[in-house]
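The block underneath contains the structure these notes are about, expressed in structure tokens.
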Amino acid sequence: MWFEWLFKYPRQAYAQGEMAFAGDFGVLWWAAAAVLLTLGIVFGRRVARFSMLRRATVYLLQIAAVAVLLTLIAEPVLEVTRLAPGANTVAVLVDSSQSMALPAETDEKTRMDVAKRLIGDEIQAASGGSRVALFHFDDALRQADTVAELQPDGDRSRLLESLTRLATHYDQGALAAVIVVTDGAHNGGSVGWETLAETGIPVHSIGIGAAVIPGDVELAELVLPSRASPHTQVAARLVIRHSLPDASEEIRLRVLDGESVLAAESISLDPSSPTVATDIVFPSGDAGLKEVTVVLEAAPGDPLPGNNAQSALLDVDRDRYRVLYLEGEPRWEFKFIRRATAEDDDIELVTWLRTTPRKTYRQGTSDPDELAGGFPESLEALYRYNMVIIGSLPATSLNDEQHDWLARFVAERGGGLLALAGRHALDNGGWDVKPVAQALPVSIARPGKFVSYRRGNYEVIPTDDGLRSVLTDIGSAGAREEAWKLPMLADYQPLGAPKPGATVILEALERVRRVGPDVVVRGGPAKPLLVTQPYGYGRTAVLATASTWRWRMRTPPEDTRHSLFWRHLIRHFAGSALPRRSLSLAADGDALDVRVALKNPRFEPLTDTAVTVQVTAPDGESFDVALPRIAGESAFGETLPVATPGIYRVEMAGIAGPAPMAEGGRPDALAALARVGETNLEQFGATLNEPLLRRLAETTGGAYWRPDDLSGLADALAFSSAGIHERQQLPLWNAPFLFLLLVLLKCTEWSLRRYWGGI
Amino acid sequence: MRMTARLLLAGAVVLAGPMAAQDIEYADEDGIQLNRNELWLTRIQYDSVGGQRQAYYYYDGRWWERWETDFPQAEQNFAKRLNELTAVTASLVPLRRRLTDPDLGDSPLIFMSDVGYMQLSRPEIDALRTYLANGGFLWVDDFWGDAEWASLERAMADVLPGKRWITLPIEHPIFHTVFDIEVMPQIPARDYARWGQGTTEPSFEHRPPTGNMSTPSIRAYTDEDGRLMVIATHNTDIADGWERESYGEWYFENFSTKSYRVGINVIVYALSH
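This is the structure we're talking about:
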């Protein structure tokens, strides 16, 4: 305000404009200059007795004053481009979603009431000579003729999408700026910020609403795995936001499947922590599709009870992991890995064990021919497994072609590979010169001819990376490090350096080793024990021991850590395996995006076929859709518009041509579910999202405004960078600043001369 | 069969030396031996009730307690055969442990012999129950007749109350893991093996009443998943076949080879189930 009083025009004018002089430097100007110079010399005589410094000061002040006077005579102007009156449009975009029906601040007026008042008064006034076009948005962008049409009844806020559409498609005149009046909720669609900035239309955002809604408790986020095995424990990740008053409060959480309660627990909400992340575990129950709802029991006086519950879809189905374990000698690790995995119905362990130099023993095979010749005798047969475990088995047990297959199994099929320690394992088994050595996460080149595998006492220590990995999740939450205080291992096989990109999960620390009658070696640096890395589409790991069985035999029977370790390990590595057929489904607003990828038994992309999917709508009605091949990709897909909100199920209906057959092990994803249209969406994130609105304004060259202070909006619009402009010269000769400067210079000169006695 | 026996004997002589050299024993800083070999044949030392010819007996110039019947020669010979005939690496030095020893868990397979007068203490019962629940495997051998069976049955009823013994049919995998055994062999102690006579030991050598001892069998406890936890080779002395393999060609060919077939199958079964 003071800037405009002092300099006569707003900041925007000075930021955009250029200084110039309207008058010419003719006879009058030169005459005035001569007169002023003469007067200066006359007065100069009166200060001749001053010292040189004082005379110079007085001369400078006089010359400055003369310069200001000459400037005024030359008629200074500010050359600017302003919106041409009557030639431009200012679009006002009002949020008409349901969140605008909430109280604006602490008073009784709704956010929409405030928006209407602003449009009728200040925004109309600020538009100057530009035409005001009124729009509103919720699920879509719409134009309104009058303010009375604006009703807060939309069930979604597509803010960025609506803005971009308005800025790029408005064709009823030159659009100079957009004023968006909203609480900042944005819960539908996605448009890149760059796209919005490229329109060149400045967006001025006016934020309505409170940053905090006192007393509100909101279940802001619910994250569930999309799939779980029947009768297992499922963890739901919750993010709770609250603005409770002073004291802590106990809130009851319940997990529901329909009306039946799956789990319930209480959580204490502390006012000093407005955002809380927590997990709640519940049983998956029988197979089938479930809509799992997590409910926070509303406290009395909760202003938004509608944001206390969220639902997510959970597909409870078997997820089988088929694992091939090749072992070259009967040993306890073999037995106890089998026992650990036997407790997991989802792991199908097929084992091939060399019992004598000439005999083998197979367990878990699905038919008499499986592994009859030892290692699978074709690539297709190997690819039927999700993971391979190599025990104490000489590399010569496989021929060169089979070694190549094993490396491709990881890189191309996405399988998991785990190499264990042993007398005939890793470098001791000659694996260091085979192709699979490239895939392993550590160098296993043997340092010499010695057998590196040795027995001793080794303590297991998880690394920092390990403690963050699912592979070490064998204890209760928050006590993971404590859970790894396990009985010592009895053997270890030294490994080379981890490769770039590898992660050391566990380390082994040798404790005591007697190497002779009187010589005992103690301690030593920690050495890598379990190392993992991604390789191609799959994952590989080396576990440099074969005595984790002691974790089972040297702990109480109820201790499950050994079993959990192996189950996590196998699920993690077998889980990387790619499915032969995959169907993915994503809901975006009122559309379903369906994609199907097919592979042949050798896991090469299958593209010369036709794919049909069956879509089942929430009302039970089904229809088939043929999916075209996506250009440039080895996949088939289509975006399907749907109208009815609810859960949609899409299933593979038919594949023409050389269709891949379903196989044992992990089932291919042949059906997928997605929910279209969220209920109660506007109750979530209902506080003023000021950061989003500020970013919006900064990205587009506009400004953020509070509704109680729109005084600068008119000038900001007048000097908008978009629209049709006209060039103007704004006179500055009567700007108060120049007169104040002149008075200040003369007063200073007079005061100094008076002080120095020259007047 | 004769050729097989000769090969076995020759193998034992050739391999015994190098195999013994493979054994490395580890000890903690107090010199206590640690079980670190892949397979240690571990004999369980237990107490028996009664006096002479009951809890202990005189044989071959000294008094023997029941638990140490055939020990350690049987295990030593068996370990050699395991190393020679299979891919198992077994320690040539057998271990002796009580059920209450803290490092019992380092031997996931334990062996008991001659249990006809066995009496387990409460701590031993509890320790054995824990051991079995963790996945340990118990093999009981060399007990004959009804009374000695009843002795084992009573002891195990305290260990695993409510469990029922089952007699394993010849189709059970334990008879086929390495060798296909078609008939459960009855192995008598060397002293009672006579050419032309039966294979059943005399009843006066065993706890009365013996009943009919002519049918050998493997009886077992299984866990809830059907895996064997305890096996009892009843009316047969498998370990004597190992111990006395060098006491004569006729005994070796007719009994020791059968003992090794059963023993190897049991060991490989225990290591793989």
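In order, the protein sequences belong to chains A and B.
Start counting the first sequence at 836; every next residue gets the next number (the working numbering).
Start counting the second sequence at 2; every next residue gets the next number (the working numbering).
Every residue gets a Cβ at the ideal spot worked out from N, C-alpha and C, and that includes glycine.
Problem set entry | W1540 (chain A) versus A936 (chain A) - alpha carbon distance | Residue numbering aside, residue 1540 (chain A) sits at position 705 when the first sequence is read from its first letter. Residue numbering aside, residue 936 (chain A) sits at position 101 when the first sequence is read from its first letter. Between W1540 (chain A) and A936 (chain A), the C-alpha separation is close to 20 Å.
Exercise. So which of A:T1395, A:L1059, A:W865 has the shortest CA-CA distance to L1148 (chain A)?
Worked result: Numbered from its first residue, the first sequence carries residue 1148 (chain A) at position 313. Here the closest residue by C-alpha is A:L1059.
Problem set entry | Close Cβ partners of I1041 (chain A) (< 6 Å) along its chain, the five nearest in sequence each way excluded | Position 206 of the first sequence, counting from 1, holds the residue named residue 1041 (chain A). Around I1041 (chain A): V1016, W1540, P1542.
Problem set entry | Between the CA atoms of P162 (chain B) and D127 (chain B) - distance to the nearest angstrom | As a working mapping, residue 127 (chain B) is identified with position 126 in the second sequence. As a working mapping, residue 162 (chain B) is identified with position 161 in the second sequence. Each residue's alpha carbon lies about 12 Å from the other.
Exercise. Under a Cβ-count criterion, where at least 16 other Cβ atoms within 10 Å of its own Cβ denotes burial, should G199 (chain B) be classed as buried or exposed?
Worked result: The residue labelled residue 199 (chain B) in the question sits at position 198 within the second sequence. Answer is exposed; the Cβ neighbour count stays below 16.
Problem set entry | Exposure of N1234 (chain A), with buried meaning 16 or more beta-carbon neighbours within 10 Å | Mapped onto the first sequence, residue 1234 (chain A) falls at position 399. With fewer than 16 other Cβ atoms within 10 Å, it is exposed.
Problem set entry | Where Q851 (chain A) sits in the DSSP three-state scheme | Here residue 851 (chain A) is taken as the residue at index 16 of the first sequence, counted from 1. Helix.
Exercise. What are the boundary residues of the alpha helix (DSSP H) that includes R208 (chain B)?
Worked result: In the second sequence, counting from the first residue as 1, residue 208 (chain B) sits at position 207. No alpha helix (DSSP H) holds R208 (chain B); DSSP gives it neither H nor E.
Problem set entry | Terminal residues of the alpha helix (DSSP H) in which D1326 (chain A) lies | Against the first sequence, residue 1326 (chain A) aligns to sequence position 491. Per DSSP, D1326 (chain A) belongs to no alpha helix (DSSP H); it is in the beta strand (DSSP E), 1324–1327.
For this session: Measure the alpha-carbon distance for D1181 (chain A) versus D1154 (chain A) and round it to whole angstroms.
Result: In the first sequence, the residue the question calls residue 1181 (chain A) occupies position 346. In the first sequence, the residue the question calls residue 1154 (chain A) occupies position 319. Answer to the nearest angstrom: the Cα atoms are 6 Å apart.
Problem set entry | Environment of G1136 (chain A) [buried if 16+ CB atoms lie within 10 Å] | Residue mapping note: residue 1136 (chain A) aligns to position 301 of the first sequence, counting from 1. It counts as exposed.
Problem set entry | Assigned secondary structure, L985 (chain A) (DSSP; H/G/I helix, E/B strand, else coil) | Within the first sequence, residue 985 (chain A) is the residue found at index 150, counting from 1. L985 (chain A) falls in the coil class under three-state DSSP.
Problem set entry | 7 Å Cβ cutoff, L1188 (chain A) in contact with chain B | Within the first sequence, residue 1188 (chain A) is the residue found at index 353, counting from 1. Yes - at least one Cβ of chain B is within 7 Å of the one on L1188 (chain A).
For this session: Below 8 Å between beta carbons is the criterion; list the residues of the segment 81–97 of chain B that meet it against any residue of chain A, in chain order.
Result: L86, T87, A88, V89, T90
For this session: Measure from the alpha carbon of M214 (chain B) to the alpha carbon of each residue in B:Y193, B:N236, B:A194, B:Y222, then state which is nearest.
Result: As a working mapping, residue 214 (chain B) is identified with position 213 in the second sequence. Closest option to M214 (chain B), Cα to Cα, is B:N236.
Exercise. In this structure, does DSSP put W1187 (chain A) in helix, strand or coil?
Worked result: By one-based count along the first sequence, residue 1187 (chain A) stands at place 352. Looking at W1187 (chain A) - three-state DSSP - the assignment turns out to be strand.
Exercise. So what does A1098 (chain A) bridge to, in DSSP terms?
Worked result: Working through the first sequence from its first residue, we reach residue 1098 (chain A) at position 263. BP columns for A1098 (chain A) point to A:V1090.
Problem set entry | Beta-carbon proximity of F1244 (chain A) to L1217 (chain A), cut-off 7 Å | Numbered from its first residue, the first sequence carries residue 1244 (chain A) at position 409. Numbered from its first residue, the first sequence carries residue 1217 (chain A) at position 382. Contact: yes.
Problem set entry | chain B contacts made by the segment 1189–1204 of chain A, where a contact means CB separation under 8 Å | R1189, T1190, T1191, P1192, K1194, Y1196, Q1198
Problem set entry | Beta-carbon proximity check, E910 (chain A) vs A848 (chain A), cutoff 7 Å | Sequence index remark: in the first sequence, residue 910 (chain A) carries index 75 (1-based). Sequence index remark: in the first sequence, residue 848 (chain A) carries index 13 (1-based). No, Cβ-Cβ distance for E910 (chain A) and A848 (chain A) is not below 7 Å.
Exercise. So is V269 (chain B) in contact with chain A if we call contact Cβ pairs under 7 Å?
Worked result: Residue 269 (chain B) sits at position 268 when you count from the first residue of the second sequence. Chain A contact via Cβ: present.
Exercise. At what residue ranges does the segment 1422–1482 of chain A contain a whole run of the alpha helix (DSSP H), taking only runs of 4 or more?
Worked result: none
Exercise. So is V1446 (chain A) buried or exposed if we call it buried at 16+ other beta carbons inside 10 Å?
Worked result: The sequence position of residue 1446 (chain A) within the first sequence is 611, counting from 1. Answer is buried; the Cβ neighbour count reaches 16.
Exercise. Apart from the five residues on each side of it in sequence, which residues of its chain come closer than 8 Å, Cβ to Cβ, to L1091 (chain A)?
Worked result: Mapped onto the first sequence, residue 1091 (chain A) falls at position 256. Closer than 8 Å at Cβ, skipping near neighbours: L1097, V1127, T1128, V1129, V1130.
For this session: List the whole-angstrom C-beta distance separating Q1518 (chain A) from N1142 (chain A), where the pair is believed to meet the contact cut-off of C-beta under 8 Å.
Result: Here residue 1518 (chain A) refers to the residue found at position 683 when the first sequence is read from its first residue. Here residue 1142 (chain A) refers to the residue found at position 307 when the first sequence is read from its first residue. That belief holds up - the Cβ atoms of Q1518 (chain A) and N1142 (chain A) are roughly 4 Å apart, short of 8 Å.
For this session: Classify V1158 (chain A) as helix, strand or coil using the three-state DSSP reduction.
Result: On the first sequence, position 323 is the one that residue 1158 (chain A) refers to. Strand at V1158 (chain A).
Problem set entry | Cα-Cα separation, R1469 (chain A) to D1152 (chain A) | Taking the first residue of the first sequence as 1, we reach residue 1469 (chain A) at position 634. Taking the first residue of the first sequence as 1, we reach residue 1152 (chain A) at position 317. Looking at the sequence shown, residue 1469 (chain A) is not Arg but Ser. Answer to the nearest angstrom: the Cα atoms are 28 Å apart.
For this session: Identify whether S152 (chain B) lies in helix, strand or coil by the three-state DSSP scheme.
Result: On the second sequence, position 151 is the one that residue 152 (chain B) refers to. Helix at S152 (chain B).
Exercise. How many Å lie between R1290 (chain A) and A1325 (chain A) at the Cα?
Worked result: Taking the first sequence and counting its residues from 1, one reaches residue 1290 (chain A) at position 455. Taking the first sequence and counting its residues from 1, one reaches residue 1325 (chain A) at position 490. If I take the Cα positions, the gap works out to 6 Å.
For this session: Go through its chain and collect everything with a Cβ distance to L1031 (chain A)'s Cβ below 8 Å, but skip five positions before and after it.
Result: For this step, residue 1031 (chain A) is matched to residue 196 along the first sequence. Closer than 8 Å at the Cβ level, and outside the excluded window around L1031 (chain A), lie L995, L998, T999, A1002, V1038, L1531, T1534, T1535.
For this session: Output the distance between the C-alpha atoms of G989 (chain A) and A1478 (chain A), rounded to the nearest integer angstrom.
Result: Here residue 989 (chain A) refers to the residue found at position 154 when the first sequence is read from its first residue. Here residue 1478 (chain A) refers to the residue found at position 643 when the first sequence is read from its first residue. In a straight line, the C-alpha of G989 (chain A) is about 16 Å away from that of A1478 (chain A).
For this session: Please list, in chain order, all residues of the same chain as A1246 (chain A) whose beta carbon is under 8 Å from its beta carbon, the five residues on each side excluded.
Result: Locating residue 1246 (chain A) in the first sequence gives position 411, where the first residue counts as 1. Around A1246 (chain A): A1274, Y1370, G1371, Y1372, G1373.
Exercise. If S260 (chain B) sits next to I188 (chain B), beta carbons under 8 Å apart, how far is it from one beta carbon to the other, in whole angstroms?
Worked result: Position 259 of the second sequence holds residue 260 (chain B). Position 187 of the second sequence holds residue 188 (chain B). Rounded, the Cβ-Cβ distance is 5 Å, consistent with contact.
Exercise. Using a beta-carbon distance below 7 Å, is D31 (chain B) in contact with chain A?
Worked result: To locate residue 31 (chain B), count along the second sequence from 1; it is residue 30. Reliability fails at D31 (chain B), whose pLDDT of 45 lies under 50, so the model's placement of it is uncertain and no value is given.
Exercise. Under a three-way DSSP split, which group does A128 (chain B) fall into?
Worked result: On the second sequence, residue 128 (chain B) is found 127 positions in, with the first residue counted as 1. Looking at A128 (chain B) - three-state DSSP - the assignment turns out to be helix.
For this session: For the beta strand (DSSP E) containing V800 (chain A), list its first residue and its last residue.
Result: Because chain A spans 836 through 1594 in this model, residue 800 (chain A) falls outside it and cannot be assessed.
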